[in-house]
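Undergrad: Could you have a look at this structure, given as structure tokens, before my questions?
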Amino acid sequence: MVNPNPNSHLELAGKVALVTGGGRGIGAGIALELAKKGASVAINYASSSKTADGVVQEIQAQGVHGAAFQADLTKVEEIEKLFRQVVAHFGQLDIVVSNAGTEKFVPLSETTLEDFNAVFDLNTRAQFFVAKNAYDHIQPGGRVVLMSSIAAGLGVPGHSLYAGSKSAVEGFTRCFAADFGKKRATVNAIAPAGVKSDMWMSNAWRYAPGCNQNSSIEEIEQALANGSPLGRCGVPADIGRIVAFLASPGGEWINGEYWNVSSTPRDIANSLQVKFCLATVELISN
């Protein structure tokens, strides 16, 4: 006799999710929140199996199944292989979160073709083909969530590669939502503001008023927290809970949407953008 599933009462019990870039940062936060809702979770990682294995252990601690799969998402053939492996391992696929990405600050005058390809191959092309393979494998009624960034709507010096690569996701989302209708599946995108992660550690000083690359993490975090009405910085679990909602039955009637996810109202965000631009000009001038 099969033992009853102790998580059968949870919203995502019986579902299988794939989170790309799930071995760390925002991706790990998303994977854990999905697991807490009862989903079994496959995470993809590019190179570090050690951190990915640690996330799998945390997933399994929620009483669900977890597994990690290596794939270089800048290669379409590896995306295709990843989806085949996940479906073969779990037997189905219900939720796909295209989270993997990279960020680069480069002055326009110094930007090379290699810089362009490094950012767009992962942030844009890979997300397109992750969605395409999701269409090929996802169960009826499934959910797809793409990852953009609030940076797509800001004008920040030296950030055109990242902003442009994430802007494309908005167009993808609206069209994919129509395409996936044949499968009764939804497609939405999330555009987070800064979230504490390893990528955040590298670049957060650029967004923090009064800070520079020599500022301590504590100073940077406080400066950013001061710009939020809630008085803190975002953490991966904040994004994970939103993804879990979109993946839940309650998210069924949300489709083709592009959500800016930030504790900061848009007028305050625009004010911070102006401060950032002025600080950047000062750095360049010096």
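Residues in the sequence shown are numbered consecutively from 0, following numbering that gives the first Met the number 0. For glycine and all other residues, C-beta sits at the position ideal for the given N, C-alpha and C.
Quick check on P235: buried or exposed, where buried means 16 or more other Cβ atoms within 10 Å of its Cβ?
TA: Its Cβ being crowded by 16 or more others within 10 Å, P235 is buried.
Undergrad: Could you tell me whether the segment 149 to 159 touches the segment 114 to 121, using the rule of 3 or more Cβ pairs below 8 Å?
TA: No, the segment 149 to 159 does not touch the segment 114 to 121.
Undergrad: Span of the beta strand (DSSP E) holding R142?
TA: Note, R142: beta strand (DSSP E), 142 to 146.
Undergrad: Fully enclosed by the segment 126 to 184, which alpha helix (DSSP H) runs are 4 residues long or longer?
TA: Qualifying alpha helix (DSSP H) stretches, in chain order: 159 to 178.
Undergrad: Judging by CA-CA distance, which residue of H64, S48, T110 is the nearest neighbour of K14?
TA: Taking only the C-alpha atoms, the option nearest K14 is H64.
Undergrad: Quick check: what's the CA-CA separation for V194 versus G233?
TA: C-alpha separation (whole angstroms): 5 Å.
Undergrad: How many whole angstroms separate the CB atoms of L145 and A184, which I take to be in contact at a CB cut-off of 8 Å?
TA: With a Cβ gap of about 13 Å, L145 and A184 do not count as contacting.
Undergrad: Roughly how far, in whole angstroms, is the beta-carbon of G239 from the beta-carbon of I78, given that I think they are within contact range, below 8 Å?
TA: Rounded, the Cβ-Cβ distance is 23 Å, inconsistent with contact.
Undergrad: Using the Cα positions of A150 and A167, report the straight-line distance between them to the nearest angstrom.
TA: Between A150 and A167, the C-alpha separation is close to 12 Å.
Undergrad: Taking contact to mean at least 3 C-beta pairs separated by less than 8 Å, is the segment 214 to 233 in contact with the segment 34 to 44?
TA: Result no; under three Cβ-Cβ pairs closer than 8 Å.
Undergrad: Can you grab the Cα-Cα spacing for the pair A196 / N202, in whole Å?
TA: Note that residue 196 corresponds to Ser in the displayed sequence, not to Ala. Each residue's Cα considered, the two are about 10 Å apart.
Undergrad: Is the CB-CB distance between L31 and S247 below 8 Å?
TA: Result no, Cβ atoms of L31 and S247 do not sit closer than 8 Å.
Undergrad: Taking its Cβ as the centre, do 16 or more other Cβ atoms sit within 10 Å of D135, making it buried, or is it exposed?
TA: Exposed, because fewer than 16 other Cβ atoms sit within 10 Å of the Cβ of D135.
Undergrad: Can you look up V260 in the DSSP assignment and give me helix, strand or coil?
TA: V260 falls in the strand class under three-state DSSP.
Undergrad: Taking a contact to mean a Cβ-Cβ separation below 8 Å, would you say L81 touches L121 in this structure?
TA: No, these two residues do not count as a Cβ contact at 8 Å.
Undergrad: Measure the CB-CB distance between N92 and Q56 and report whether it falls below 8 Å.
TA: The sequence given here has Leu at residue 92, not Asn. Result no, Cβ atoms of L92 and Q56 do not sit closer than 8 Å.
Undergrad: Within 10 Å of its beta-carbon, does T172 have 16 or more other beta-carbons around it, so buried, or fewer, so exposed?
TA: Result: buried.
Undergrad: How many whole angstroms separate the CB atoms of L33 and A190, which I take to be in contact at a CB cut-off of 8 Å?
TA: The pair is not a contact, with the Cβ atoms about 19 Å apart (cut-off 8 Å).
Undergrad: Can you tell me where the beta strand (DSSP E) holding F68 begins and where it ends?
TA: From DSSP, the beta strand (DSSP E) with F68 extends over 65 to 69.
Undergrad: Following a CB-centred definition, is P208 positioned closer than 7 Å to any heavy atom of the ligand SAM?
TA: Of ligands this structure carries none, so the ligand SAM is not represented either.
Undergrad: According to DSSP, simplified to helix, strand and coil, what is P235?
TA: It is helical.
Undergrad: Can you tell me whether P228 is helix, strand or coil according to DSSP?
TA: Correct three-state label for P228: coil.
Undergrad: List the DSSP bridge partners of S196.
TA: Bridge partners of S196: none, in fact.
Undergrad: Cα-Cα, which of G62, Q61, R23 is closest to T50?
TA: For T50, the nearest C-alpha among the options comes from R23.
Undergrad: Need the endpoints of the alpha helix (DSSP H) that S48 sits in, please.
TA: Where S48 is concerned, the enclosing alpha helix (DSSP H) stretches over 48 to 59.
Undergrad: For G250 versus A176, is the C-beta spacing smaller than 8 Å?
TA: No.
Undergrad: With respect to the beta strand (DSSP E) encompassing L287, which residues constitute its N-terminal and C-terminal limits?
TA: Any property of residue 287 remains undetermined from this structure, which presents the chain solely from 0 to 285.
Undergrad: Check whether the Cβ atoms of S148 and Y257 lie closer than 8 Å to each other.
TA: Cβ atoms of S148 and Y257: not closer than 8 Å.
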